[in-house]
Structures are given as C-alpha cells and as structure tokens.
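First the structure, in the form of structure tokens, and then the observations on it.
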Amino acid sequence: MKAAPVFEAGNHRWWVLYDQDERRVIDSNVYIVESDGQSAVLDPGGFEIFPQVLAAVAEVVPPTSVAKAFVSHQDPDIASSLPLWNACNDHIQWHVPSLWEGFLRHYGALNAEFIGIPDEGGSMMVGSRKLDLVPAHYLHASANFHVYDPEAKVFFSGDVGAALLPPGHSNWVGGRQGGESAKAFDEHIQHARFFHQRWMPSGAAKKDWIDRVRQLDIEILCPQHGAIYAGENVQRFLNWFDGLTVGTAISR
Ligand SMILES: [Fe+2]
Ligand SMILES: [Fe+2]
C-alpha cells in the first residue's frame, strides 16, 4: 500500500492508501480523514491487507489518532479487518449501516462500539469537522452509505466509481490531480464499465443517488477501488453513470 495526499487545508486532511501491488486480492483504497489531530478510517479494508494498511496509516497519521471508523457496507474488502483494528484499539467508534450491524458481528469483535446509521443517513464528527453520511442504498449493497465533506468538497463514493485497474496504476484518473482530460477519462472508464453494469443492480437506485449527489458541491470523488476523479472528471463520471444500463445479469 502507498499513502498519498488527497486534500489539505491547515489541520484538515484527506489521504488515500492505495494498492499498486501484484494482484493478491482485489485492490482497495482506504481513506483517512484527519481533523484537529483526530483521524477516521473510511472503509478500513480486508483482513488480508490489514498489515499493509496499518503500515500506510502510520506513514501519515499516528495510529493512536484513529478514533473513528466508517463502514459503507458489509463486504469483506470493506470490513473484514474490523476485529484486527479492534484488537489494536477497542476505543474506535464504528459508524456502520444499522441494517448490517448483526451481520458485521460475524467478522468478530463483539465488543466493538457500533453506531448504527439509519436508512435516511446522518453524520459523524472527526475533530471539529462534520462529515455527512449520504444514503447510497442498493449501490451495490441493500444498506449503503457514502461520505461527504462539505468543507473539503471531497466525496467518498464507496464502490460507485470503482475501476479494476492494472497493477502500477495511478491513484488519480489522468495520472495526477489537475491532469484530468476527456481523453484520460474515456480511457479510464473502460476499466469501470463491467463493474458498474454487473455489480450495481438497480436503475432506480442509481437515479436516486445521482439526483442526490448532483446537489452537492464536489471537487474530488474518491472510490474504494481504482483511481480518484477530480475537477471536470467528477461531472463526467456522473453523466457516464447516468447513461449506463445496470443490473445486466438479469437482462440477458
Ligand atoms: Fe462492495
Ligand atoms: Fe468494494
């Protein structure tokens, strides 16, 4: 795993921890939000990659600063590291979809403190910053949330925007922040097409999410797999997703 900055303004920072290694498992991005010396881990990742994630966390923030964790949905690449994090620090507060609480306990860590997110969404504090927990149900999990930081204008979009890229890929679409172009987007999005067609089940859920997200002021859209969309690529992605047919396994 490598750590790279996503956003920085004073004591308010976002980091991405991303995987460029040989493909042992589906590569996953883990995000760290830091405010006033307190940190949150967003979608902390799988059991298999926990040692690499923890080492990358330690490159950017003191692991003891991690007081919060957010779990967008129940998948193993999101949350199966839960008992390992809890073994390191059982004071971490876990913001998880209420609907998934009973299932997430199957990963272990029965003593972990869960704060259930109701279907309508909510918020979580990191230091003095309030992050909005935005409903993204059925994209692809039946209870699912994304995270919006209105001050940073950063949106963590979970599996939406995910691309399965070759090893060695950049953490930004277009190679770097500010390097976005229509050509770079068109090349990148080919790696995202099948994933969205097959894993996203519902056109109605897609429309509901797009209507909600279009109302937000987003400069950086951060998916849990693949590269980050910035600048004009954010709107390009929303337009592309809007026009895509999903749920293809039952339309054949
Ligand atoms: Fe998932
Ligand atoms: Fe995922």
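According to the working numbering, the residues represented by the sequence shown are 6 to 257, in order. From the three backbone atoms N, C-alpha and C, an ideal C-beta is built for every residue, glycine too.
Exercise. How many angstroms separate the CA atom of Trp-20 from the CA atom of Phe-160?
Worked result: Sequence index remark: in the sequence shown, residue 20 carries index 15 (1-based). Sequence index remark: in the sequence shown, residue 160 carries index 155 (1-based). Approximately 13 Å between the Cα atoms of the pair.
Problem set entry | Close beta carbons around Ala-189, own chain, < 8 Å, minus the five adjacent residues each side | Translated into the one-based positions of the sequence shown, residue 189 becomes position 184. Excluding positions up to five away in sequence, the list reads Val-178, Gly-179, Gly-180, Asn-238.
Problem set entry | Distance cut-off 7 Å: Ile-54 Cβ against heavy atoms of ligand 1 | As a first step, residue 54 must be located in the sequence shown, where it is residue number 49. Answer for Ile-54: no, Cβ out of range of ligand 1.
Exercise. So does Gln-3 have its beta carbon nearer than 7 Å to some heavy atom of ligand 2?
Worked result: No information on residue 3 is available, as it lies outside the stretch 6 to 257 that the chain covers here.
Problem set entry | Beta-bridge partners of Asp-137, as assigned by DSSP | The residue given as residue 137 occupies position 132 in the sequence shown. DSSP, once it has assigned bridges, lists Ser-128, Tyr-153 as partnering Asp-137.
For this session: Tell me whether Ile-1 counts as near ligand 2, meaning its Cβ is closer than 7 Å to at least one heavy atom of that ligand.
Result: Outside the shown range of the chain, which is 6 to 257, sits residue 1, and nothing can be said about it.
Exercise. If we call anything under 8 Å between Cβ atoms a contact, is Ser-128 one with Leu-144?
Worked result: Taking the first residue of the sequence shown as position 1, residue 128 is located at position 123. Taking the first residue of the sequence shown as position 1, residue 144 is located at position 139. No.
Exercise. Which residues does DSSP pair with Phe-161 in a beta bridge?
Worked result: Your numbering for residue 161 matches position 156 in the sequence shown. DSSP, once it has assigned bridges, lists Val-152, Cys-227 as partnering Phe-161.
Problem set entry | Exposed unless 16 or more other CB atoms sit within 10 angstroms - verdict on Phe-199 | Counting from one through the sequence shown, the residue named residue 199 turns up at place 194. Exposed, because fewer than 16 other Cβ atoms sit within 10 Å of the Cβ of Phe-199.
For this session: Taking Ile-233 and Asn-149 to be in contact with their CB atoms under 8 Å, please state how far apart those CB atoms are, rounded to whole angstroms.
Result: Your numbering for residue 233 matches position 228 in the sequence shown. Your numbering for residue 149 matches position 144 in the sequence shown. Not a contact, Cβ separation roughly 19 Å.
For this session: Name the residue from Ile-97, Glu-185, Glu-64, Arg-217 whose alpha carbon lies nearest to the alpha carbon of Ser-162.
Result: As a working note, residue 162 is residue 157 in the sequence shown. The residue with the shortest Cα to Cα distance from Ser-162 is Arg-217.
Problem set entry | Bounding residues of the alpha helix (DSSP H) (the contiguous stretch that carries Val-58) | By one-based count along the sequence shown, residue 58 stands at place 53. Element bounds for Val-58: 55-65.
Problem set entry | Inside the region 160-242 only - beta strand (DSSP E) runs reaching at least 3 residues | 225-227, all fully within the region 160-242.
Problem set entry | Identified DSSP bridge partners for Leu-22 | In the sequence shown, residue 22 corresponds to position 17, counting from 1. Ala-8, Val-35.
Exercise. Taking 7 Å as the cut-off, does the CB of Asp-213 come closer than this to any heavy atom belonging to ligand 2?
Worked result: Taking the first residue of the sequence shown as position 1, residue 213 is located at position 208. Checking every heavy atom of ligand 2 against the Cβ of Asp-213, none is found closer than 7 Å.
Exercise. For ligand 2, is there a heavy atom less than 7 Å away from the beta-carbon of Asp-222?
Worked result: Here residue 222 is taken as the residue at index 217 of the sequence shown, counted from 1. The answer is no for Asp-222.
Exercise. Where in the region 57-119 do unbroken runs of the alpha helix (DSSP H), each at least 4 residues long, occur, reported from the N-terminal end onward?
Worked result: 81-84, 87-93, 106-109
For this session: Would you tell me roughly how many angstroms separate the C-alpha atoms of Val-1 and Arg-134, rounded to the nearest one?
Result: An answer regarding residue 1 cannot be provided, because it is not within the stretch 6 to 257 covered by the chain.
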